[in-house]
Amino acid sequence: MANSSSSDESCKAPDNFRISSASTNGEDEESDVAGYTTKRRPTAATKELLKDANAKDRNATTGMGAHMRCPLCHSCSASRFHCRNCVRNGNITHSQAERPESLTEKQQRYINLQAGLKTFSTRYERLIGQHRSNEDRLMAIKAKRKQLELLQQLISGTGQRLRVLGERRDELRRANAEKRKNLPKYPDKVKMLENYVLDRVEKIEKLRETHLGLLDSIKQAARRSIQQLVTYVFPIAEVVLKEEQQRRASVERTEEAETIAALADAKNTSYIRGKWVFHGSGISEVQYRIVGPSLPANGDYTAYLDWLADNKDDVPKATANEITPSRFEAYRIVGALTYTAQLTQLLSFYLNVRLPHKIAYGDFCRKLLNEEQFRRKISRLNSNIMYLAYTQQVKLRALIEQHTLENLLAILDLERSDLGRYGHLDVNNAPLMKSVDSLLIGIETATESESEDENSLRMDWEAVPSLTPQPELADPNLMPAANQQSTIAFVRMAATSVLRWIK
Numbered sequence: 001m002a003n004s005s006s007s008d009e010s011c012k013a014p015d016n017f018r019i020s021s022a023s024t025n026g027e028d029e030e031s032d033v034a035g036y037t038t039k040r041r042p043t044a045a046t047k048e049l050l051k052d053a054n055a056k057d058r059n060a061t062t063g064m065g066a067h068m069r070c071p072l073c074h075s076c077s078a079s080r081f082h083c084r085n086c087v088r089n090g091n092i093t094h095s096q097a098e099r100p101e102s103l104t105e106k107q108q109r110y111i112n113l114q115a116g117l118k119t120f121s122t123r124y125e126r127l128i129g130q131h132r133s134n135e136d137r138l139m140a141i142k143a144k145r146k147q148l149e150l151l152q153q154l155i156s157g158t159g160q161r162l163r164v165l166g167e168r169r170d171e172l173r174r175a176n177a178e179k180r181k182n183l184p185k186y187p188d189k190v191k192m193l194e195n196y197v198l199d200r201v202e203k204i205e206k207l208r209e210t211h212l213g214l215l216d217s218i219k220q221a222a223r224r225s226i227q228q229l230v231t232y233v234f235p236i237a238e239v240v241l242k243e244e245q246q247r248r249a250s251v252e253r254t255e256e257a258e259t260i261a262a263l264a265d266a267k268n269t270s271y272i273r274g275k276w277v278f279h280g281s282g283i284s285e286v287q288y289r290i291v292g293p294s295l296p297a298n299g300d301y302t303a304y305l306d307w308l309a310d311n312k313d314d315v316p317k318a319t320a321n322e323i324t325p326s327r328f329e330a331y332r333i334v335g336a337l338t339y340t341a342q343l344t345q346l347l348s349f350y351l352n353v354r355l356p357h358k359i360a361y362g363d364f365c366r367k368l369l370n371e372e373q374f375r376r377k378i379s380r381l382n383s384n385i386m387y388l389a390y391t392q393q394v395k396l397r398a399l400i401e402q403h404t405l406e407n408l409l410a411i412l413d414l415e416r417s418d419l420g421r422y423g424h425l426d427v428n429n430a431p432l433m434k435s436v437d438s439l440l441i442g443i444e445t446a447t448e449s450e451s452e453d454e455n456s457l458r459m460d461w462e463a464v465p466s467l468t469p470q471p472e473l474a475d476p477n478l479m480p481a482a483n484q485q486s487t488i489a490f491v492r493m494a495a496t497s498v499l500r501w502i503k
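Sequential numbering from 1 applies to the sequence shown in the working numbering.
The following block contains the structure:
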């Protein structure tokens, strides 16, 4: 490049301008440095020749420089130009450089810098590889040390565990040694325990037999007491009234007898509730007598209700000394019910059974009951009798709940019941739902005052005829054997369950 003034513009190289590194005079030689093709520096002789040529060129161009134009830009003039060979060989310098340096020298210096950079890069790669390998070794050493510490901890823990296991082993050895010493004693102890168990089994069997014997004794005692009770205190018998027997016996009656019978029928007939009622209509039925009074076998107590309706206004239908048939029938029913209620409570005492309903037997005879109270007390009495039959294993399906005394006779009949038994209750023998409903119709319709009055029982006794001398007791061998004894709590639970089935 040629030097130019400050007013010169930038110049363009022509199309055929090219810098070549080929030597024209054959003095330069190519060399290969780090894969690049470079030129060797010219020798001292070559430099001298170049200086002489340059001096000649400068002298030649100085004389005609004022008249020549730049071949590159064709617009600016210069006082110094380089020949084609110098440009081709790179022997050109910058006009404003502080240190004159040719293009060839710059190229050579660049090539040397590239070679040095490559050398440094190779050295860097080698050094960094060594550094990385050293770091890898350090990391491996740290990992090995960590593994070594873990192994040492494992060895320490294993050793401690082995010591503990060794101590336990020694303890087990000592315990086994002591057991081996005591082992010959165990067969004797086993034999003693076998003998003890056999002895206890025999004692339990004897106690069971004794217990069953006591239960049988209690059962027989209860049966004897009940037998004495129904024989001497509350005798019950099935009877047919004499009027019916005489009516059956007399096939042909005289005119006088017919007149007497007609007068008797008229006397026993009264007008009640808009109809004529014959008070002797129940005479022909079978009745059960307890002590003195009797009850209809079919449980029909309408005679009392009719008499109650006839005297509800407290207006007597007869004189003070006259006893009407309706009044006689009512008193007979009330007296029989009083004895029946008292007998039922005594049976529950001897049989150790808690009745589901409390009944003050004195209420039947000490105060005048209205129809609702009377039906309710009858329902309670029948319910207690049915429960007694249930506890004594009487087949309830063969009973009718309205037949009060007939059900009591079924309980006292040893062929139909297990009187005085102890043990569990047969659920299959439970009363039918229909029977329970019919029994509890009058029980659940009671008023509060009546319930409180019946819960407070009087402890008095009904007067009974004097006792005759007692005969010899019945042979207990005729009674069947007793079952196992049941607890009172179980009986209470059974009673509650039976009476709550309708809910």
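Backbone N, C-alpha and C fix where the C-beta goes; we use that ideal spot for every residue, glycine too.
Item, Value
"Over the uninterrupted beta strand (DSSP E) stretch that includes Y110, give me the two end residues.", "Counting along the chain, Y110 falls outside any beta strand (DSSP E), though it belongs to the alpha helix (DSSP H) covering 103 to 182."
"Would you call I128 buried or exposed, if buried means 16 or more other Cβ atoms sit within 10 Å of its Cβ?", "exposed"
"Between which two residues does the beta strand (DSSP E) carrying V239 extend?", "236 to 239"
"For Y288, write down the residues that DSSP places opposite it in a beta bridge.", "E238, L295"
"Within 10 angstroms of its Cβ, does T119 collect 16 or more other Cβ (buried), or is it exposed?", "exposed"
"For the putative contact between R223 and G362, defined by C-beta atoms under 8 angstroms, what is the C-beta separation to the nearest angstrom?", "That pair is no contact at about 28 angstroms."
"If we count Cβ pairs, one from each stretch, closer than 8 angstroms, do we get three or more for the region 375 to 383 versus the region 397 to 411?", "yes"
"Does DSSP put R421 in a helix, a strand or coil?", "coil"
"Quick one: using the 10 Å Cβ neighbour count with 16 as the cut-off for buried, is P296 buried or exposed?", "buried"
"Is it true that the CB of I204 sits closer than 9 angstroms to the CB of K351?", "It is worth fixing the name first, because residue 351 is Leu in this sequence and not Lys. Against a cut-off of 9 angstroms, the Cβ pair of I204 and L351 comes out as no contact."
"Which residues in the same chain have their Cβ closer than 7 angstroms to the Cβ of G213, if we skip the five residues on either side of it in sequence?", "none"
"CA-CA distance, E105 and E125?", "30 angstroms"
"If you follow the alpha helix (DSSP H) that D300 is part of, which residue opens it and which one closes it?", "Premise fails: D300 is in no alpha helix (DSSP H) and is neither H nor E."
"Does the Cβ of D136 have 16 or more other Cβ atoms within 10 Å, making it buried, or fewer, making it exposed?", "exposed"
"Measuring CB atoms only, is the region 299 to 312 touching the region 177 to 190, in the sense that at least three cross pairs come out at less than 8 angstroms?", "no"
"Indicate whether the contact test is met: 3 or more Cβ pairs, each with one atom in the region 383 to 393 and one in the region 403 to 414, closer than 8 angstroms.", "yes"
"Using CA coordinates, which residue listed in Q345, D300, I333, L396 is at the minimum distance from I290?", "I333"
"According to DSSP, is P356 part of a helix, a strand, or is it coil?", "coil"
"If I measure Cβ to Cβ from G299 and keep anything under 7 angstroms in the same chain, skipping five residues before and after, which residues do I get?", "Q402, H403, T404"
"If you check the beta carbons only, do T338 and F374 fall under 9 angstroms apart?", "no"
"Given S294, which residues of its chain have a CB within under 8 angstroms of its CB, disregarding the five upstream and five downstream residues?", "V239, Q287, Y288, R332, A336"
"Does N91 come out as helix, strand or coil in the three-state DSSP assignment?", "coil"
"Where K144 and Q153 are concerned, what is the direct C-alpha to C-alpha distance, given to the nearest angstrom?", "14 angstroms"
"Please classify S156 as buried or exposed, where buried requires at least 16 neighbouring CB atoms within 10 angstroms.", "exposed"
"Determine the closest residue to L355 out of E371, I385, L368, A330, with distance taken between C-alpha atoms.", "I385"
"What is the DSSP secondary structure of N384, counted as helix, strand or coil?", "helix"
"How big is the Cα-Cα spacing for H211 and Q220?", "14 angstroms"
"Look at the alpha carbon of R397 and the alpha carbon of E372, and state the distance between them as a whole number of angstroms.", "28 angstroms"
"Kindly indicate which three-state DSSP category V394 falls into: helix, strand or coil?", "coil"
"Quick one: grab the DSSP three-state call for Y339.", "helix"
"What's the C-alpha gap between I218 and A177?", "60 angstroms"
"Report all residues from its chain with a CB closer than 6 angstroms to the CB of L343; omit the five preceding and five following residues, and keep chain order.", "F234"
"Taking the alpha helix (DSSP H) that Q402 falls in, what are its first and last residues?", "Run containing Q402: none; DSSP gives neither H nor E here."
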